[in-house]
Each structure stands twice: as structure tokens, then as C-alpha cells.
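Enquirer: Got a structure here, written out as C-alpha cells. Questions coming.
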Amino acid sequence: MDVFIFLTDIIGKAAYSAEGRRLGKILDGVSDGRDPYPRIGYLICRRRRSRKRVRVPWEAVSGLKKEGIFLGEGAAEKFEPFKRRPGEVLLVADLWDKQVVDVNGAKLERVNDIHLLNTERELRVIHVDVGVRGILRRLNALRLFDAVTAWLFDYTVKERFVNWRFVQPLGEQLAAASVQLSVAGQRLRDLHPADLADIIEELPLPERAAVFAAFDDEKAAGILEAVNEPEMAVDLLEAVGEERAGDIIEEMDPDEAADVLAELDENQAEKLIGAMEDEEHADDLRELLAQEEGTAGSIMTTEYLAVKEGDTVANVFHRLKTAEDVEAYYYVYVVDDDDVLLGVFSLRDALRARRTTPAARLASERVVAAKIDDRPERVFELFGKYGFAALPVVDDDDKLRGVVTLYDAVAAMHPDFEKE
Amino acid sequence: MAFSFKPQTWLIPRVKGFALLLALLGPGIITSNVDNDAGGIATYSICGARFGYSLLWSLIPISILLIVVQEMCFRMGVVTGKGLSDLIRERFGVRITFYLMVAVFACNLGNVFAEFAGIAASLAIVGVSKYVSVPIAAALVWLLVVKGNYKRVEKIFLAACVVYVSYIIAGVMVKPPWGEVAAEVLVPRLNWNGDALAMLIGVVGTTIAPWMQFYLQAAVVEKGVKVSEYRFAKWDVITGSIGVNVVAFFIILACGATIFVAQIPIETAADAAMALRPLAGKYASFLFGFGLLNASLFAASILPLSTAFFISEAFGWEAGVDKKFSEAPQFYSLYTGTVAVGAVAILLPGIPLLTIMYLSQVFNGVVLPVVIAFMLILINDRRLMGNYVNGPIRNVVATGASVLLAGLCAAMVILSIVRR
């Protein structure tokens, strides 16, 4: 027996008893899916007459030959009927011809064949074949093809394998469990939310929902922030159910969350906001939702750092360390008791000052700010003119209402920007 | 993969009712208008010119079948979120998929020939040589799709489809013997000879082209229509399907009332243009040429792209014009190759343009029953479709029609051999 074989070498072959009696046809391979390179414990064989599906333990296989698969003495008597057990991965039903995520390359691939290691009476999954060679092997045309390319171009097409440790299967039943448990699932969870969003956007809807639901709230929030179309974000929220949807939205940056909520029916949005534990956060969301589209208010965030005149640098650092999220953290805004914007200083100013220095001393008095009803073009111009990384947004009474980051301003002007 | 589908609709999007319906309009209407492509116009014209009103009856069963088949595609796209070739690959494996893709690709290539033949024929009316018009059109289409903004131009193509109304006006102005027409529509009859059978198969094949099913399903998936919206969205398909057949009816009627009555052999596009003479007089050729050109360009923009797309999908290759060549080499090769081969073939000296347009549609009709058979197996799979499997009536219509069509194809082949 070769050490390396392909699933193609097994599937569809006839199974024979030790005496050479034909028992049936091999349909699938079953693995518990557990080890980094999972062991194939059983083959599924369809019996010849009864057409029942039975489990053939891999240990019972004594020989893999061109003509078929030969079983050891007495194996045929011990077959048990096949019924899928929880956690089992079926190589043909779940993987062959299906799409999987290559978590290393962070993209979707279609499985053409599966590469197996066959040693010491164990059969293990090593790679999935996602290349043209896999297709040709399945079509029985690989040798012919190799001969032609070698003769014509003196060239052989290379194998394209993905190591099993990087393979995340996507079948609906599998996705949820394996994203949380498997080695590849761990790696998938470690990907940047923007990459995950790209992958998820390419999945068909039911699988999209199953994969999305498998991430924790924080990761899910990150994915939603990175999803390009608010409608798709709504679909994803719909799939996880009302309770989790609320938790995920609470984890999101308020300006991104408001974009998603704006896609919903007003009562529905209010219901989700009302269920939030953090009242302040909920109020921020309400305020952002109330902003008219196409204004500075609609692209600003409410996660910034504002301090009073008397606060010291030490206070500022403490606030920065303990605040849950500060999206626009490069500047610190100084306000009075009525939230009227008095001044601004940068984080760098604070780093260079003594820890006892009051904010009022650091703040520059002339503050460039956008008006809440300014059009995004105007905000963009201000960025171009002054070169700041973020701009405060004030209302008619000069009260500080939010902050627009350069990223948000660019994204508002060039909708394609976020897609890149 | 058991898939129990519960439409989850606890989130209500902001758009409702009629606005939703409008937002969902699109895939069906576009598919239908592309359906009246060069092959369609040629086939209907030849049908009217050679067989008068005698095949008009066929449009009634064709309309019913078209609605049933398109609705099936639509439903599969909505429920599974996957394209047709994706579903075929996952259900039937790489081998069957490969042979089917070869057949559909050959069939689509025939249709691309037809589109470029349509461009050549329409511009020949105003005296532009095909050696000029076809290469320019091919380059234009390629650039429009790969580098330009096709989506914007699509609306222009769609608007220009209003030109088909001229057939309806011409058909009425020529004052056909309505009694006779009604009798032909209501009482089916068929001359059992190779020509008439091929004509009938061509009319079926052009109205229900195999490639349209792949295109429609892909468009529905891309649009992300949800199960909860399906109720509204299917009207898009139904309206479109009826629209196609109304136009087909009047093309056949107008050609029957003019060309067939005058007993003129129809060989070129200029002959076919005679049908519009009652409306446009000596400008009939220009009107016809404009309609044919628009139809050809419209379909030439969609068909090669859709072909490259669903073949890439079947074999797991990256696809999409937003990708770079290095990311999606197979996709771009297929797309460019299809456009190039289609255009070059038409440049062969002395190639009969109208005949090419017609024969490609007969080929469509031959491949169609195979595609419908695959669709029927998929849409009756509960694991895939949950409660959205086909009902008995749709199964009977689709199965009956494809068996009948396969029978007609066999009869056509036998009859044409016997006669020789």
C-alpha cells in the first residue's frame, strides 16, 4: 500500500471479503474530526443486495488494490449499520466538492480531492486538494494530461494542497461546532474581522449565518463593522436571534451600529437599543440614529474623550486606560459643565506634560470644529486644510456632540474606500 | 446536511410593500429581455416567415414552462444562496459536472456566435462590413464589462428594449386575419418533418435557453433576495416570462403576415426586417437593425461573463471582474476566450449569419431537457430546499415538458437522417 493515497482511490471502489466475495461499494469515509490530522475510523459501505449502509472499521481493511478494497478474515460478519454520530465528519458528504475556508490564505476554496496518509494501520486526513490536478484525478484524466503537458511544454502542473490544520469546513451542521473546537476554527477566530467579513460575504446565506453565529459577541461585532453593506449586516443579525443581536450591537462602535440600526424599522431599532444594559451607550445610539443623513452628525462617533478644565493629565490617562472604547483617541477635548467645547489637546501634548498639569493649561483655545449639520464635503475640506486626524462636531450652542475621524470622512466621500 | 429552513423574520427592514417590490424587480425582467437576443429575434422571425402562424400555439405551453422553470431557479437561488452550477457540483460531483459544463459551454458558445452574428447582420444593413463591426463590438463589450461600468450601461440596453413594441404595432397595423390566428393559437398542430421539428425545438430553446437559468439564479443570489421577500420577488420572474412571449408572439405574427404571406425566402437580416414595413415603411430596416444591434450587444455583454462565472463556480476558481487577472486567471481566460472565439468565428468569410443565429437556438433546445432534469433533482431534495421543494403540479409540468422535448429532439434527429 502506498503511504500517501487520495480519497479518489477509495471512494466508489468495490469491497471484497477475505474470500474474494463482493460485499458492496464504498461510499464515504468517516472521521471523528478531532486530532490535528483526524483519523478515518470507518468507511461507509453500501451492501450489495440489501443496499443498506454499514460501517466498515478501517482496521478491517487488509488491502487497497486497483480492483477494490479487500477486508480481513471475518470482517464481513461484524458490520454495524451506519448512522451518523454527533461530531463525525463525512469526507464525501461534508467535504468533497464542497467549499471550505483556507484560514491560512483567508479565502474560500473548493475541495477537489482529499490527500490521506496511510501508515501503521491508520488512515489520516493530511491535505485537501484544491488544484486542477485534483479535478483531473477525479476525471481519470490526470495521467493523460501530464503526458500531454510534459510532451508539449516540458511542464507538469503543480499540486495545490491546503494543510488540514488550515481547513475550516462550512457545512451547516459542522460550521458551528468546528469553528469553536477545531484547530482551524481557532485560526479562523484569530483572523482580522475585516478578513472574516470578506469570507463571510462570499458564503451562501444559510452557511453565512451559521458561521457568523459561531463567533463570540466581540468578534461578531468586529465582523459587522467590516461588512460593506448594512443590509447584509441586518441579515446576519437576523440569523443570530434577538437576544444576541442586542449584545452584538452593544459591542459595536456606535457610529457603525447606528448605520446598521438605521436599516431597521424604527420600533425594532428602539427595542434593540432599549434592551441595552449601558444607558449612556444606548443614548449615544439614539442620538446618532436621529442625525440626518448626509451631515457631519451622521458620520460622527460618540466614542471620544472629553474632560473638564480642572482635570489633570493624570486624570486623562486614567480615563483613557479605563474607558471601554475610545474610537477617536488621538485628541482630548476640554468642555465646560454644559458640554460647550472650550479647547483641545493631543495625546502627545499630554504625554509631554507633567501629570499634575490641568487640562485648561494644555488646551489650545482656537478649536477647529465642524457643525453638526455640515455636509460631509465640508468636513472633508476641513481635514484637507488643517491635516487633523479627527475633528470635533458641535451644535449651534457650541456643545460638543461627537467626533468625525479622518477614516469616517474619507469613507463618507468615497463609498468604495471601505470595500478595499 | 439536514437543512430545516425557518424563515426568521423578527427583524423588519425599513422598506415595505410596494417599495420592496420595486427594489426586488430586476433579475427576472433583465433575464427576459436578454432572452430576446439575436438568436431569439432570428428564430422567431424565421418561424413566422417559413411557417406562418402554424407554430403560434407553441408559445402558450412555452410560456407556462418558462414560468415554471424560471421560478424554480429563482426559488433555488433564494433558498440555498448558491448558483446552479455550485449546487450541481455539490450534489453530483466533479465528473458529471464536468460533462454538463462541457455541454452547456458548447451551447453558450453557439449563443455567443449568434450574438456576434447579430451585430454583424444589423450593422450590415447600414453598410458596415462585419470585418469592421465585429472586432470593434467585441473589444467594446470586453472593455465595458472588465474596465467600464456595465451596470450603468445595462439600464440603457434595457430601455432600448422598448423597440420591441414596434413589432406589436406592426403586427396590429398589418391587420392579420385574427380568426385564423386565434384558431392556430388554440389548436396545436405539427407537421412531422425534420424542418418543422427543428423549428419548434428552436423556438423552445431560444425562449427557455439553458444559459438563462444559470444567469438568473446567479443574479438572484447576487441580489441576495431573502425567503421572506420571495413572495413579492417571484412576480418579477412571472411578469418577465409573459413579456418575452408577448414579444415573441408579435414577431412571429408580423413575419407571418408579411414575409410568409408574400412567400419570400428569408436569408438575411434585411429580409427579416420586412416584417416592420407596415409600421416603418422604408425605414423598417433601420428599426429592425437597431433592435437587433441592441439585443445582440446586451446579450453579448451578459452571456460570456455569465458563462465564465458559472464554470469558474463549478470548478472552484475565483471569479468576478473586481478581481485581478492574477487572482482569477481561469475566469478571465474563459471570459476573454469566449468573446474572442465568438467574434473570430463570425469573421469567417461567407458564414451564413441568420442560419447561425437560428441553429444555435436549436442546440439550446437539445441541451435544455438535460438542464431541467438536473434542476428537478435538486429542487426536490429536501435536505437542500427544506419546505421549498417543488409541488406536484410544477414537477409534472417540468418533467412532462422535458420528456416531451427530449422526444422531439430524438424525433428530429431520426427524421432528418431518414430523409437523407
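These protein sequence lines map, in sequence, to chains A and B.
No gaps in the numbering here: position 227 of the first sequence is 370 in the numbering used here, and each next residue is one more.
No gaps in the numbering here: position 311 of the second sequence is 314 in the numbering used here, and each next residue is one more.
Each residue gets a CB set at the ideal place from its N, CA and C atoms; glycine is no exception.
1) Using only alpha-carbon positions, find the residue among A/I416, A/G215, A/S441, A/M375 that is nearest to A/A340.
2) Does chain A have any CB closer than 7 Å to the CB of B/F235?
3) Which partner residues of A/I169 appear in the DSSP bridge assignment?
4) Find the residues of chain A that neighbour B/F101, judging by a C-beta separation of less than 7 Å, and give them in chain order.
5) Using a Cβ-Cβ cut-off of 6 Å (strictly less than) and excluding sequence neighbours within five positions of B/S329, which residues of its own chain qualify?
6) Would you verify that the beta carbon of B/V228 is, or is not, closer than 7 Å to some beta carbon of chain A?
7) Return the chain-ordered list of same chain residues with a C-beta closer than 7 Å to the C-beta of B/T341, the five sequence neighbours on each side being excluded.
8) Along chain A, in chain order, which residues have C-beta atoms closer than 7 Å to that of B/G345?
9) So what's A/Q311 in DSSP terms, helix, strand or just coil?
10) Check the Cβ of B/R2 against every Cβ in chain A and list those closer than 7 Å, keeping chain order.
11) Closer than 7 Å by C-beta to A/R280: which residues in its own chain qualify, once you throw out the five before and the five after it? Chain order, please.
12) Could you tell me whether the stretch 364 to 378 of chain A touches the stretch 534 to 552 of chain A, where touching means 3 or more Cβ pairs closer than 8 Å?
13) If you measure beta-carbon to beta-carbon, which residues of the stretch 274 to 303 of chain A are closer than 7 Å to chain B?
14) According to DSSP, is B/I63 helix, strand or coil?
15) Taking CB distances under 7 Å as the criterion, tell me whether B/E232 reaches chain A.
16) Give me the Cβ distance between A/A158 and A/L214, rounded to the nearest whole Å; I'm assuming they're in contact under 8 Å.
17) Looking at the unbroken alpha helix (DSSP H) that takes in A/T292, where does it start and where does it end?
18) Would you give the residue range spanned by the alpha helix (DSSP H) that A/I212 belongs to?
19) Please classify B/A413: is it buried, with 16 or more other beta-carbons within 10 angstroms of its beta-carbon, or exposed?
20) Could you tell me the distance, in whole angstroms, from the CA atom of B/G151 to the CA atom of A/D390?
21) Mind reading off the beta-carbon distance from B/M3 to B/D325? Whole number of angstroms is fine, and I expect it under 8 Å.
22) So what's B/L362 in DSSP terms, helix, strand or just coil?
23) Residues in its own chain within less than 6 Å of B/L407 by CB, not counting five upstream and five downstream?
24) Quick one: list the residues of chain A neighbouring B/R92, beta-carbon separation under 8 Å, in chain order.
25) Can you check whether the C-beta of B/G323 is within less than 7 Å of a C-beta belonging to chain A?
26) Does the separation of the CB atoms of B/E316 and A/K241 fall below 7 Å?
27) Under 7 Å Cβ to Cβ from B/A346, same chain only, skipping five residues before and after it: list those, please.
28) Considering just the uninterrupted stretch of the beta strand (DSSP E) at A/H258, what are its terminal residues?
29) Residues in its own chain within less than 7 Å of B/T209 by CB, not counting five upstream and five downstream?
30) Which stretch, first to last residue, makes up the alpha helix (DSSP H) that contains A/E399?
31) Note down, in chain order, every chain A residue with its Cβ under 9 Å from the Cβ of B/F318.
32) Thinking C-alpha only, which one of A/I169, A/I154, A/A369 is nearest A/D559?
33) Taking its Cβ as the centre, do 16 or more other Cβ atoms sit within 10 Å of B/W238, making it buried, or is it exposed?
34) What is the residue span of the alpha helix (DSSP H) that B/R386 lies within?
35) Using DSSP bridges, identify the partner residues of A/S582.
Expert: Inspection of the coordinates gives the following:
1) Counted from its first residue, the first sequence places residue 340 of chain A at position 197. Among A/I416, A/G215, A/S441, A/M375, the Cα nearest to that of A/A340 belongs to A/M375.
2) As a first step, residue 235 of chain B must be located in the second sequence, where it is residue number 232. False, the Cβ-Cβ gap to chain A never drops below 7 Å.
3) As a first step, residue 169 of chain A is located in the first sequence; it is residue number 26 there, counting from the start. DSSP output for A/I169 lists A/C188 as bridge partner(s).
4) On the second sequence, position 98 is the one that residue 101 of chain B refers to. L282, listed in chain order.
5) Indexing the second sequence from 1 puts residue 329 of chain B at position 326. Counting only Cβ-Cβ distances below 6 Å, and skipping sequence neighbours, we find nothing.
6) Position 225 of the second sequence, counted from the start, is the residue given in the question as residue 228 of chain B. By this cut-off, B/V228 is not an interface position.
7) By 1-based counting over the second sequence, the position of residue 341 of chain B is 338. Non-local beta-carbon contacts of B/T341 in its own chain, meaning distances under 7 Å to residues more than five positions away in sequence, involve L112, V115, P307, T310, A311 in chain order.
8) Taking the first residue of the second sequence as 1, we reach residue 345 of chain B at position 342. The contacting residues do not exist; B/G345 stays about 25 Å from chain A at best.
9) Taking the first residue of the first sequence as 1, we reach residue 311 of chain A at position 168. Of the three classes helix, strand and coil, the one that applies to A/Q311 here is strand, per DSSP.
10) This structure leaves residue 2 of chain B out entirely; chain B is present only between 4 and 423.
11) The sequence position of residue 280 of chain A within the first sequence is 137, counting from 1. The residues are F149, T151, D256.
12) With fewer than three CB-CB distances shorter than 8 Å, the stretch 364 to 378 of chain A does not count as touching the stretch 534 to 552 of chain A.
13) I278, R281, L282
14) Here residue 63 of chain B corresponds to residue number 60 of the second sequence, with the count starting at 1. It is helical.
15) On the second sequence, residue 232 of chain B is found 229 positions in, with the first residue counted as 1. Not one chain A Cβ lies under 7 Å of B/E232.
16) Residue 158 of chain A sits at position 15 when you count from the first residue of the first sequence. Residue 214 of chain A sits at position 71 when you count from the first residue of the first sequence. Rounded, the Cβ-Cβ distance is 6 Å, consistent with contact.
17) On the first sequence, position 149 is the one that residue 292 of chain A refers to. Its alpha helix (DSSP H) spans residues 285 to 296.
18) For this step, residue 212 of chain A is matched to residue 69 along the first sequence. No alpha helix (DSSP H) holds A/I212; the beta strand (DSSP E) holding it covers 211 to 214.
19) Within the second sequence, numbered from 1, the residue matching residue 413 of chain B stands at position 410. With fewer than 16 other Cβ atoms inside 10 Å of its own Cβ, B/A413 counts as exposed.
20) The count along the second sequence starts at 1 and reaches residue 151 of chain B at position 148. The count along the first sequence starts at 1 and reaches residue 390 of chain A at position 247. Cα to Cα, B/G151 sits roughly 42 Å from A/D390.
21) Here chain B comprises residues numbered 4 to 423, so residue 3 of chain B is not present and cannot be evaluated.
22) Translated into positions along the second sequence, residue 362 of chain B becomes position 359. DSSP places B/L362 in helix when its eight states are reduced to three.
23) The residue given as residue 407 of chain B occupies position 404 in the second sequence. The beta carbon of B/L407 is closer than 6 Å to none in its chain, skipping five residues each way along the sequence.
24) Along the second sequence, one-based indexing puts residue 92 of chain B at 89. D240, R253, listed in chain order.
25) The sequence position of residue 323 of chain B within the second sequence is 320, counting from 1. No, because no Cβ of chain A sits closer than 7 Å to the Cβ of B/G323.
26) Here the question's residue 316 of chain B lines up with position 313 in the second sequence. Here the question's residue 241 of chain A lines up with position 98 in the first sequence. No, these two residues do not count as a Cβ contact at 7 Å.
27) Residue mapping note: residue 346 of chain B aligns to position 343 of the second sequence, counting from 1. Taken in chain order, the residues that qualify are F119, V137, P138, A141.
28) Reading the first sequence from its first residue, position 115 is the one you call residue 258 of chain A. It spans 256 to 262 - the beta strand (DSSP E) in which A/H258 sits, taken as one unbroken run.
29) Here the question's residue 209 of chain B lines up with position 206 in the second sequence. Excluding positions up to five away in sequence, the list reads G42, G43, T46, Q364, N367.
30) Taking the first sequence and counting its residues from 1, one reaches residue 399 of chain A at position 256. Segment 397 to 404, the alpha helix (DSSP H) holding A/E399.
31) Indexing the second sequence from 1 puts residue 318 of chain B at position 315. The contacting residues are R253, N255, V275, I278.
32) By one-based count along the first sequence, residue 559 of chain A stands at place 416. Of the candidates A/I169, A/I154, A/A369, the one whose C-alpha sits nearest the C-alpha of A/D559 is A/A369.
33) Within the second sequence, residue 238 of chain B is the residue found at index 235, counting from 1. It counts as exposed.
34) Translated into positions along the second sequence, residue 386 of chain B becomes position 383. Where B/R386 is concerned, the enclosing alpha helix (DSSP H) stretches over 385 to 388.
35) In this structure chain A extends from 144 to 563, so residue 582 of chain A is not present and cannot be described.
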